[in-house]
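Beneath this line is the structure, given in structure tokens, with notes to follow.
Protein chains: 2
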Amino acid sequence: MHGIVQMINKGFLPATLVISLLTCLPVAAQETGGEVARSFRETNGARILREYSELLSIPNVASDSAGIWANAEFIRARLAERGVESRLLTLPGANPIVFGELRVPGATRTLGLYVHYDGQPADPANWTHDPWTPVLYTRSMEAGGEPRPFPEDGEAIDPEWRIYARAAGDDKAPIGAMLPVLESFHAAGVTPTSNLIFFFEGEEEAGSTNLDRYLESYSGLIDDIDVWLLFDGPVHQSGRPLLSFGVRGVTGMEVTVYGPTRGLHSGHYGNWAPVPGQMLANLLATMKDDDGNVLIEGFYDTVEPLGELEREALARLPNYDAELKRELGLARTEGEPQTLPERLQLPSLTVRGLSSGGTGQYARNVIPPTATAALGVRLVKGNDPTHMRELVEAHIRKQGYHIVREDPDMETRLAHPKIAKVTGGDGYPAARSAMDLPILQEVVAAARRAAGNDDVVLSPGSGGSLPLYLFTDFLDKPILMVPIANHDDLQHAPDENLRIWNLWYGIDFYAQLFTMPGG
Amino acid sequence: MHGIVQMINKGFLPATLVISLLTCLPVAAQETGGEVARSFRETNGARILREYSELLSIPNVASDSAGIWANAEFIRARLAERGVESRLLTLPGANPIVFGELRVPGATRTLGLYVHYDGQPADPANWTHDPWTPVLYTRSMEAGGEPRPFPEDGEAIDPEWRIYARAAGDDKAPIGAMLPVLESFHAAGVTPTSNLIFFFEGEEEAGSTNLDRYLESYSGLIDDIDVWLLFDGPVHQSGRPLLSFGVRGVTGMEVTVYGPTRGLHSGHYGNWAPVPGQMLANLLATMKDDDGNVLIEGFYDTVEPLGELEREALARLPNYDAELKRELGLARTEGEPQTLPERLQLPSLTVRGLSSGGTGQYARNVIPPTATAALGVRLVKGNDPTHMRELVEAHIRKQGYHIVREDPDMETRLAHPKIAKVTGGDGYPAARSAMDLPILQEVVAAARRAAGNDDVVLSPGSGGSLPLYLFTDFLDKPILMVPIANHDDLQHAPDENLRIWNLWYGIDFYAQLFTMPGG
């Protein structure tokens, strides 16, 4: 066997063929899927890590066309080797989608499996190692981990080890976990209980700007998907597996208010010329109080109420508020005693930025001509981005402001005592699927089986925003977000990493998912 | 005479001697002072411009020690040539004061004549010509003026010509106007009616940081001064001569409020983590309304009311509000229908700067850890800087804030729901002298005689700040600010200039001042 492994390592034999030789007993029963995959990772852990490392070593920034295509082709080939009919979908000016189909004769259910294979840009200067040269550590760097060689076949693998590389957590981890499952099933003849559609995006970190076009242009390929499962992001802060039934939407705007046409000496004109920083503060203060209540009329009116199941789930969510407050140096939070998960079920208004004149070393004795606020608005189910922006604008008008889209000309200035330029906008709505949908409950059950207990965290909706409305509203399909990466994977940051435990959990989860009852 | 002028120009003869030859008739009568100076400038205009140009060509930025000393020595020598007993006062680490005395036997009145010979820094890249290479223009650049050679002796001089150079207006103009007056008096034997003490500072544009030490260290030299006349700044916007009986004081602070210890994802934490930009806006909104009323308790309580004469003067001040509003693109001002001069008689609170997170291209989906406002406070007579800052701080406390002087540590953060760091401070009080003081009324009369009519503008107090409390409070002497430079002299800016009319007016004014009745 040692000889065969060497031949694999040297590339003399395709891994698929070898695995077929090693595990030559076809197994049919669905209930054995979890067993097969687990046994496979226990036997082939070292190779799984090496192959994952191979995937991680291909640079995958969305703007790096060569790297992106190399990733796409690498993944497509790995899927094909495992029996998945795979190809690259393309559109002009867009990064390719790695698309795969594993159709199961007689299956009555089709799962859409979304992953993105691109990663955040990385400046090597800020990393301990090159971002695309994966390094194995004995545990996290913060916990005092040390680099160590990748294991030899048969060597015991500590699940606390971590692989450091860009995209190790976000979002190649699901690919690294799926491939071994597919390989083990392929080799052992395990048949999934659902049709599987693999849909791996290559520009999520660049804003998924072509996702809608892909979904529209290739609708024929995805029409029969019953549920979209989105494998992205980290699990719960507690380390427990997380399943999230929704995400918030997002919109926003910039508001600029105007004082004099030029900066004025604050001595010669102070107490006479309107001060834009003061005007802006007065305007913003009418929008939200210190307790976190947005005072804009209608801001909460379109919120779609949570169902019974969602409210129960919220109540069961771990309460990490006290710990978070300690960590973040906060003696209070908005909307107390409501918890963080509860607060995320409401739209939010955030002053993301303020600027006017200068502060600190840049402060001058001047009444500045303008003051600007960057406002972010997070949306929940029921909020329409355009309508929410209109509410904010109506509120600004109610404070006596004339709204413009460009810097006002002299005539406009002289005609209106208060002028606010409101720009920006766009955004997209929230997405949420009902927790009681049977197909989603099946996925939850699969996660529970993989975790070996009931201890998974169910969230009615996460706080972050992703354009999942494309699936729920545009395609009219339910969604479920199922992250597998460790919560401290430093995604988007230097020294991103994946904890091996989470890779193993992913393998176990996909095995359960692909063989869940029904279908 | 042509030969003599050539000899002067070539430096063969000292100007003083030549003038004595030219105007060899001693005149004693005070009432002829104005005549003598006017006749002198009409005859010697070209030379006056050349000599002023010579003064302007010596770089005079306060930090340029060599330039400063060259200026000081140049001016001292010119004073000495004109019969003024002059010397340089020095203190370690300070730029010298050009000090001169012209004691008049029997005079019962002593005038302190303050000018500063240093100028603002100038970046030649932003100037049409080198800042310290004076260039004569046929009128202002904005009005389409063209450069022209300095005039030959006897050539007619257009009072609309302008000399472009750093400090041409601010603040060498009074020196350029005084020297010819002294020269003409010296030559013609005109005796001033007051003792004259010349006190020319060399670091006003660097904050007059040693002025208090000078006034204290050399108190014996200035003890008998009855009134300090401060020759600085531009005349009224209308172009009419201005006499101002006071200036505002100034103080200020920076206020920083705190959210989470690090920037937080506005999706994952928005609606839960306190947003410092919102907190700051809410705080500032409690301080001042959109009509310009400061809402801080006690803010207006210590204002020393204006006297009858001051109120009358205010009412008589030209109302330039409508024109200013048009120019500045303002459809409203704070405190309408009160006028700009009226508003300057009250303390002001100005948001000079705001900063938190980013706006525009720097906006991010983040709840920033802090938000900062730079607040400027202008003071009027009666306001104590420390007391006014305390009022602002008491107000901040009343809004539930715990005030700190340094960024709060974790313990402080966790102990206080709202924390504001308040830093900065210092500043100095306003200064104002009563308009009905006889000696000040004499100076007003001198200005009216120089202007040839009643059309001078009397202001109870200007909006800008200067540390004139050193004269009014520390020395306990009345002050009067008597600018002579054109209002559009672009002081502190590139292409600073002096209109020749204003130089002529300055000459006429000093002649009247030095020979005013009484004394």
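If you read the sequences in order, they're chains A and B.
With the first letter of the first sequence counted as 1, position 293 gets the number 293 in my numbering; the numbers rise by one all the way through.
With the first letter of the second sequence counted as 1, position 377 gets the number 896 in my numbering; the numbers rise by one all the way through.
By construction, the Cβ of each residue, glycine as well, lies at the ideal position given by its N, Cα and C atoms.
Residue i, buried or exposed, once every other Cβ within 10 Å from all chains shown has been counted against 16
i                 : result
LEU295 (chain A)  : exposed
LEU354 (chain A)  : buried
THR905 (chain B)  : exposed
LEU544 (chain B)  : In this predicted model, LEU544 (chain B) has a pLDDT of only 39, less than 50, meaning its place in the structure is not dependable enough to derive any value.
MET542 (chain A)  : The first residue shown for chain A is 1 and the last is 519, placing residue 542 (chain A) beyond what the model contains.
GLN278 (chain A)  : buried
THR1034 (chain B) : buried
PRO888 (chain B)  : buried
SER219 (chain A)  : exposed
ILE507 (chain A)  : buried
THR108 (chain A)  : exposed
ARG767 (chain B)  : buried
GLN441 (chain A)  : exposed
GLU720 (chain B)  : buried
ALA177 (chain A)  : buried
SER184 (chain A)  : buried
PRO438 (chain A)  : exposed
ASN210 (chain A)  : buried
ASN563 (chain B)  : buried
VAL537 (chain B)  : For VAL537 (chain B), the predicted structure reports a pLDDT of 39, less than 50, and the residue's modelled location is therefore unreliable. The matter cannot be settled from this model.
ARG352 (chain A)  : buried
For residue i: DSSP bridge partner residues
i                : result
TYR881 (chain B) : Partner(s): none; TYR881 (chain B) has no beta bridge.
GLY631 (chain B) : B:ILE716, B:TRP747
SER162 (chain A) : Here residue 162 (chain A) turns out to be Arg, not Ser, going by the sequence shown. Looking at the DSSP assignment, ARG162 (chain A) forms a beta bridge with A:TYR137, A:ARG499.
MET481 (chain A) : A:LEU230, A:SER244
THR370 (chain A) : A:TYR258
LYS940 (chain B) : B:THR775, B:VAL923
THR350 (chain A) : A:GLY376
LYS807 (chain B) : B:VAL813
GLY663 (chain B) : According to DSSP, which records beta bridges pairwise, GLY663 (chain B) is partnered with nothing at all.
GLY876 (chain B) : A:GLY353
GLY119 (chain A) : A:VAL61
TYR947 (chain B) : B:VAL769
VAL392 (chain A) : Per DSSP, none; premise fails for VAL392 (chain A).
LEU264 (chain A) : A:ILE367
VAL457 (chain A) : A:LEU242
SER462 (chain A) : A:VAL247
Cβ-Cβ separation, residue j to residue i (assumed contact under 8 Å), whole Å
i                : j                : result
PRO234 (chain A) : ASN60 (chain A)  : With a Cβ gap of about 18 Å, PRO234 (chain A) and ASN60 (chain A) do not count as contacting.
ALA72 (chain A)  : LEU88 (chain A)  : 5 Å
PRO866 (chain B) : ASN902 (chain B) : 5 Å
LEU574 (chain B) : LYS691 (chain B) : 6 Å
ARG951 (chain B) : GLY765 (chain B) : 3 Å
VAL540 (chain A) : PRO192 (chain A) : This structure gives no information on residue 540 (chain A), because the portion of chain A shown stretches from 1 to 519.
ALA939 (chain B) : GLY553 (chain B) : With a Cβ gap of about 59 Å, ALA939 (chain B) and GLY553 (chain B) do not count as contacting.
TYR777 (chain B) : PRO927 (chain B) : 6 Å
LEU349 (chain A) : LYS288 (chain A) : 6 Å
ASP153 (chain A) : ARG38 (chain A)  : Incorrect: roughly 18 Å between the Cβ atoms, too far for contact.
Original post:
Would you call the stretch 319–329 of chain A and the stretch 839–852 of chain B touching, i.e. three or more CB-CB distances under 8 Å?
Top reply: no
**OP:** Could you name each continuous beta strand (DSSP E) segment of 3 residues or more that falls completely within the stretch 727–775 of chain B, going from the start of the chain to the end?
**Re:** 746–749, 761–763
**OP:** Pair every Cβ in the stretch 446–459 of chain A with every Cβ in the stretch 197–211 of chain A, then say whether three or more of these pairs are closer than 8 Å.
**Re:** no
Subject >> Any beta strand (DSSP E) of 3 or more consecutive residues that is wholly inside the stretch 48–117 of chain A >> reply: 85–89, 97–102, 110–116
**OP:** Say whether the stretch 491–499 of chain A touches the stretch 148–167 of chain A, bearing in mind that this needs 3 or more beta-carbon pairs closer than 8 Å, one atom from each stretch.
**Re:** yes
Original post:
Quick one: any contact between the stretch 641–653 of chain B and the stretch 721–740 of chain B, if contact means 3 or more CB pairs under 8 Å?
Top reply: no
**OP:** Flag this pair as touching only if the stretch 970–990 of chain B and the stretch 799–809 of chain B have three or more C-beta atom pairs under 8 Å; answer yes or no.
**Re:** no
Original post:
Can we say the stretch 651–665 of chain B touches the stretch 742–756 of chain B, given the rule of at least three CB pairs closer than 8 Å?
Top reply: no
Original post:
Any chance the stretch 934–946 of chain B sits against the stretch 990–1004 of chain B, with 3 or more Cβ pairs inside 8 Å?
Top reply: no
Original post:
Is the number of C-beta pairs between the stretch 298–314 of chain A and the stretch 816–828 of chain B that are closer than 8 Å three or more?
Top reply: no
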